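>
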Amino acid sequence: MTALQHVSLGAHYVVHLPRPDDFAFWRERARQLIQCDVPPDRVSWAEPGGTGDLFAYEGPSRGEKRLPVPDTGAPEVRASKRFMRLARNVSVHSDPERFSLLYRTLWRLQSRPGMMQDSADTDVRRIEELDKEVRRDAHKMHAFVRFREVEDEGGEHYVAWFEPDHHIVRREAGFFMRRFANMHWSILTPRGCIHWDGTTMRESPPARREDAPAGDPVEALWKSYYVSIFNPARLKVGAMLSEMPKKYWKNMPEAELIPDLIAGAQAREAGMVAAGGRKVREVPSSLEEIEAGIIACRDCPIAECRTQAVMGEGAVGAYLMIVGEQPGDQEDLVGKPFVGPAGQLLDEYLAGVGIDRGATYVTNAVKHFKFVARGKRRIHQTPQAKEIDICRFWLEAERKVVVPRVVLALGASAARALLGRTVSLAKERGRPVPLDDGSELWITAHPSYLLRLDGEARAAQEELFARDLAAVKARTEVLA
Amino acid sequence: MSQKSLRQRLEILADAAKYDASCASSGTAKKNSLGGKGVGSTEGMGICHAYAPDGRCISLLKILLTNHCIFDCHYCINRKSSNTPRAKFTPQEVADLTINFYKRNYIEGLFLSSGIIKNSNHTMEQLMETARILREEYDFRGYIHLKTIPEADPELIEQAGMYADRVSINVELPTRAGLTKLAPDKDEVEIEGALAKTKSRIIQAKDERKRFRHAPRFAPAGQSTQMIVGADDANDAAIVGRASGLYNQFGLRRVYYSAFSPIPDASAVLPLKRPPLMREHRLYQSDWLIRFYGFAANDVADATEDDGNLPLDIDPKLAWALKFRGQFPVDVNRASKEQLLRVPGLGTTAVGRILKARRYRRLRLEDVGRLTQSIAKVRPFLVAADWRPTRLTDRADLRSMLAPKSEQLELF
Chain A
1 MTALQHVSLG AHYVVHLPRP DDFAFWRERA RQLIQCDVPP DRVSWAEPGG TGDLFAYEGP
61 SRGEKRLPVP DTGAPEVRAS KRFMRLARNV SVHSDPERFS LLYRTLWRLQ SRPGMMQDSA
121 DTDVRRIEEL DKEVRRDAHK MHAFVRFREV EDEGGEHYVA WFEPDHHIVR REAGFFMRRF
181 ANMHWSILTP RGCIHWDGTT MRESPPARRE DAPAGDPVEA LWKSYYVSIF NPARLKVGAM
241 LSEMPKKYWK NMPEAELIPD LIAGAQAREA GMVAAGGRKV REVPSSLEEI EAGIIACRDC
301 PIAECRTQAV MGEGAVGAYL MIVGEQPGDQ EDLVGKPFVG PAGQLLDEYL AGVGIDRGAT
361 YVTNAVKHFK FVARGKRRIH QTPQAKEIDI CRFWLEAERK VVVPRVVLAL GASAARALLG
421 RTVSLAKERG RPVPLDDGSE LWITAHPSYL LRLDGEARAA QEELFARDLA AVKARTEVLA
Chain B
1001 MSQKSLRQRL EILADAAKYD ASCASSGTAK KNSLGGKGVG STEGMGICHA YAPDGRCISL
1061 LKILLTNHCI FDCHYCINRK SSNTPRAKFT PQEVADLTIN FYKRNYIEGL FLSSGIIKNS
1121 NHTMEQLMET ARILREEYDF RGYIHLKTIP EADPELIEQA GMYADRVSIN VELPTRAGLT
1181 KLAPDKDEVE IEGALAKTKS RIIQAKDERK RFRHAPRFAP AGQSTQMIVG ADDANDAAIV
1241 GRASGLYNQF GLRRVYYSAF SPIPDASAVL PLKRPPLMRE HRLYQSDWLI RFYGFAANDV
1301 ADATEDDGNL PLDIDPKLAW ALKFRGQFPV DVNRASKEQL LRVPGLGTTA VGRILKARRY
1361 RRLRLEDVGR LTQSIAKVRP FLVAADWRPT RLTDRADLRS MLAPKSEQLE LF
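First to last, the sequence lines map onto chains A and B. Here the numbering used here is used: position 195 in the first sequence is 195, and no number is missing along the way. Throughout, the numbering used here is defined as the position within the second sequence, counted from one, plus 1000.
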């Protein structure tokens, strides 16, 4: 009986695969059929059971017509490397037509050896698509399997429940073996299960979700991590869904958090911005507008404990701007800067080096008095960096309006307000620091610091202070 | 102050790390745990184990060792003057957390960074100790990405490369002026010096391995860097130019862009508005054009609008094509690979398929449709066997035809 006779009789063959992922078996039969010249429309391929159980073996006998046996001289069947690579993947796809597609392509390949390069061909394109879906399913399995730890007689045992779309469980066993070689683990799926005990791989029939453990002690930590690493300021739900479709969510412990994270994102972002105290405000363009602005400003808590906001004093166009830290007790009551003891000391020194305070603009880094009440006394508190940074908005506005050539910062708080960074007084005093608008900044101590010192230390600091003021005087003359 | 629990500290230190864009775990040397005593494998392709609703992949356990910091960089939530809650892990705790997550298949490995505590060297030593515990005590063979501190001793950076798959040093801002203004404690010369040193060390290790099979690997997944976009006034042309310079100069695997996002307790020198997320996306697209599509930095600059920024409504490749219409349409059956790669809507895969398929047939528009995602976008720029766009390529309203339709508002 020769192959040709079968074909001429119009016989139809049904090949029963023992397992849905048995590529070697398909290859064997396909080679045999092509050698006997059986065209694709006379072969159908059947896989066991509707459930697609990977490990259930059903004999090839059921109703299968004996396949023709090729002549000894029948031509070799040839396939390109690319076909072999793709066919291995496509054979585990869950599409029931996959084996017919592969057989038809192999058949056509015999007369068109270069066909696999032609992606515009419908069959080749379909094979590429199925291959891609299988690789994606495998990749998602690598990514989304979640082990849960249980204690059993062998010690730690890691068990996962996973639902793949295609017959990939056996194919992917190697990945998990290489990765978790020294762990005792099992992956349970509705298509069959695999188990690794550190030395050998074992297979078992399909399992149900209930067979897998329900929880794991580390999951709470993982969920905390998932929530914290999410940046609510950037919500891109579509991007997440395209890579992690909802069908995977039910087996991923962190996924149950997603709806709440999305729902709460707006509020969390608003909270983040509010915590920063950032409000979009027009930059005022006159001293009157600035004054109205600081009186109304409640961006930081200092504003709540004052008598009044203290505006800078001086004229637009003053060549020198003197910046202190914040209003003190006296200033808060009077509403003018540098009228208390520190102000008097400053006046003395300014007069000493020949600077006319009336020709300067005097202001503070922070516009409100920060204190704690102790009995009847109000004790000065240094403003926090954050409060200085918030109030910086007003100081910058004053600089834009007044446009001084030289700015003198008294103390580290004032220097921070002007430079936006923490400043070391000892390192940076006594020399000019260029500012963005082309003016220059000089940094010196705050006069109230001098008031707190005695004896030699005071003498030394007073000398430095006087020297700084003299240098500033000299610069204003050069720049004027 | 009472000691915070592990979970509380994880929350603080993961939260603090979320502004780092990079999470890649790809492109390293192949290794697995067979024959070892621990867990871990890397097989070339990175794996994203989960995705957060911000669309970012979660591949690595991305945390800071501590968010205490002696630096005062304005865009950073962990700067010295910020009021953010602080926490600290020991190297042992981070190593244990990594292993516990890894064994449950939550992650590919660890991406460890840190605020600067005490000084740069001390910080770097702590990072190293974490990597050492993982590699030596646990025989961990998964992925490790270490952020190195540019100011630390070169010997420490050298050691980091021995343990880590990838090392990175952030250039932080695209311009020197931006760096001086917003990161006063950092220095461009120092950062670039460290990048250059790491590059030469990577090249040296590769060279040694060619001659001695067992020469130690040094950061087999290379080095990367990150820039913050929108915190200073650098425009897209400047950013892309800088990135392309960095790729060439330091052999970087990736330049990451992170759109400056409103951070709690932000400093007042920062802009008040955050840049649109789309800007970050357009920058990544142009990054792709440079790395895979044969575009040069000045091609991307040509595609920008008058203000030097890329248009937000259309992608940079389409923007370029609309500006250089004289180059189109190209004949899908004759054009060179370089020409096809410039066609908006054709990706590298589609171009590869076209080049192969046209050896077997003259492609018609229908064939091209099978090889690519969408035919509508490529049609005005292509000539096929049965298709010629005639006046389509020159139409004045081509841009509005191809730009995605703006979404119509719904009744509230």
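Cβ atoms here follow ideal geometry from the backbone N, Cα and C, with glycine treated the same way. A quick note: this is a predicted structure, and the numbers were derived from the prediction, not measured.
1. So, at 8 Å on beta carbons, what are the nonlocal neighbours of residue 1163/B in its own chain, with the 5 sequence-adjacent residues on each side left out?
2. Using a threshold of 8 Å, state whether the C-beta atoms of residue 1382/B and residue 1329/B are closer than that.
3. Out of 420/A, 444/A, 71/A, point me to the one whose CA is closest to residue 1081/B's CA.
4. In three-state terms, what does DSSP make of residue 62/A?
5. Judging by CA-CA distance, which residue of 1216/B, 1387/B, 1123/B, 1111/B is the nearest neighbour of residue 1168/B?
6. Closest by CA to residue 1254/B, which one among 1237/B, 1276/B, 1223/B?
7. Quick test of the definition: if touching needs 3 or more C-beta pairs under 8 Å, does the segment 1150-1158 of chain B touch the segment 1182-1200 of chain B?
8. Using a C-beta cutoff of 8 Å, does residue 1068/B count as contacting chain A?
9. For the beta strand (DSSP E) containing residue 1144/B, name the first residue and the last one.
10. Output, in chain order, the set of chain A residues within a Cβ distance shorter than 9 Å of residue 1370/B.
11. On the DSSP letters alone, give me the boundaries of the beta strand (DSSP E) that residue 152/A sits inside.
12. Mark residue 356/A as exposed unless 16 or more other C-beta atoms lie within 10 angstroms of its C-beta, in which case mark it buried.
13. For residue 1109/B and residue 137/A, I'd like the C-alpha separation in whole angstroms.
14. Give me whichever residues DSSP pairs with residue 442/A in a beta bridge.
15. Could one say the Cβ of residue 147/A lies closer than 8 Å to chain B's Cβ atoms, at least one of them?
16. Measuring only the C-alpha atoms, how far is residue 154/A from residue 183/A?
17. Residues in the same chain with beta-carbon distance under 6 Å from residue 1099/B, minus the five sequence neighbours each way, listed in chain order, please.
18. Provide the residue(s) that pair with residue 377/A in DSSP beta bridges, ordered along the chain.
19. Do the segment 1052-1059 of chain B and the segment 211-229 of chain A meet, that is, are 3 or more Cβ pairs less than 8 Å apart?
20. Residue 141/A versus chain B: which residues are under 8 Å apart at the beta carbon?
21. Quick check: residue 1351/B and residue 1384/B, are their CB atoms within less than 8 Å of each other?
22. Report the neighbours of residue 370/A on chain B: residues whose CB is nearer than 7 Å to its CB, in chain order.
23. Which bits of chain E does residue 1014/B rub up against, with CB to CB less than 7 Å?
24. Shortest alpha-carbon distance to residue 314/A belongs to which of 284/A, 359/A, 297/A, 300/A?
25. Identify whether residue 1226/B lies in helix, strand or coil by the three-state DSSP scheme.
26. Please go through the same chain and pick out, in chain order, the residues whose beta-carbon is closer than 8 Å to the beta-carbon of residue 398/A, but skip the five residues on each side of it.
27. I'd like to confirm the pairing. Which residues does DSSP put opposite residue 1256/B in its beta bridges?
28. Quick one: grab the DSSP three-state call for residue 1070/B.
29. Among residues of its own chain, excluding the 5 on either side of residue 479/A, which ones have a beta-carbon nearer than 8 Å to its beta-carbon?
30. Evaluate contact between the segment 139-151 of chain A and the segment 204-218 of chain A, counting only Cβ atoms and requiring at least three cross-stretch pairs below 8 Å.
31. Does any CB atom of chain B fall closer than 8 Å to the CB of residue 56/A?
32. Per DSSP, residue 434/A is paired with what?
33. Using 8 Å for Cβ pairs, my map puts residue 268/A next to residue 1054/B. What's the rounded Cβ distance?
34. With C-beta atoms as the reference, is residue 1257/B less than 8 Å away from residue 1229/B?
35. With DSSP collapsed to three states, give me the class of residue 1137/B.
36. Beta carbon of residue 302/A, beta carbon of residue 387/A: below 8 Å?
By the coordinates alone:
1. For residue 1163/B, same chain residues with a beta-carbon under 8 Å away, outside a window of 5 residues either side, are 1128, 1131, 1132, 1134, 1135, 1144, 1146 in chain order.
2. Against a cut-off of 8 Å, the Cβ pair of residue 1329/B and residue 1382/B comes out as a contact.
3. Comparing Cα-Cα distances from residue 1081/B to each of 420/A, 444/A, 71/A, the minimum goes to 420/A.
4. Unreliable positioning characterises residue 62/A in this predicted model, as indicated by a pLDDT of 48, which lies under 50. The coordinate reading is nonetheless provided below. Coil, per DSSP.
5. Residue nearest to residue 1168/B within the set 1216/B, 1387/B, 1123/B, 1111/B is 1111/B (criterion: CA-CA distance).
6. Per the Cα distances, 1223/B.
7. Segments in contact, yes.
8. Among the CB atoms of chain A, none fall inside 8 Å of the CB of residue 1068/B.
9. Start and end: 1143-1147.
10. 119, 120, 121, 122, 125, listed in chain order.
11. Start and end: 148-152.
12. With fewer than 16 other beta carbons inside 10 angstroms of its own, residue 356/A counts as exposed.
13. Each residue's Cα considered, the two are about 22 Å apart.
14. 408/A, per the DSSP bridge assignment.
15. So, interface residue.
16. Each residue's alpha carbon lies about 11 Å from the other.
17. Beyond the five residues adjoining it in sequence on each side, residue 1099/B comes within less than 6 Å, by CB distance, of 1138 in the same chain, given in chain order.
18. Residue 377/A pairs with 374/A.
19. Judged by Cβ distances under 8 Å, the segment 1052-1059 of chain B makes contact with the segment 211-229 of chain A, as three or more pairs qualify.
20. The contacting residues do not exist; residue 141/A stays about 10 Å from chain B at best.
21. No. Outside cutoff.
22. Neighbours of residue 370/A on chain B: none; closest Cβ ~15 Å, over 7 Å.
23. Reference to chain E is not applicable here, since the protein chains of this structure are A and B.
24. Comparing Cα-Cα distances from residue 314/A to each of 284/A, 359/A, 297/A, 300/A, the minimum goes to 359/A.
25. DSSP, read as helix, strand or coil, puts residue 1226/B in strand.
26. Taking residue 398/A as the centre and dropping the five residues before and after it, the same chain places the C-beta of 287, 290, 312, 321, 361, 363 closer than 8 Å to its C-beta, in chain order.
27. 1226/B, per the DSSP bridge assignment.
28. Of the three classes helix, strand and coil, the one that applies to residue 1070/B here is coil, per DSSP.
29. Excluding residues up to 5 positions away in sequence, 319, 405, 406, 440 lie with their Cβ nearer than 8 Å to the Cβ of residue 479/A in the same chain.
30. Taking one beta carbon from each stretch, the segment 139-151 of chain A and the segment 204-218 of chain A have 3 or more pairs nearer than 8 Å; the two touch.
31. At residue 56/A the pLDDT is 49, less than 50, meaning the model places this residue with poor confidence; the figure from the coordinates comes in the next sentence. Not one chain B Cβ lies under 8 Å of residue 56/A.
32. Partner(s): 440/A.
33. Here residue 268/A is actually not in contact with residue 1054/B; their C-beta atoms are around 11 Å apart, not less than 8 Å.
34. In this structure, the beta-carbon distance from residue 1257/B to residue 1229/B falls below 8 Å.
35. Note: residue 1137/B maps to helix in three-state DSSP.
36. With a cutoff of 8 Å on beta-carbon distance, residue 302/A and residue 387/A are scored as near each other.
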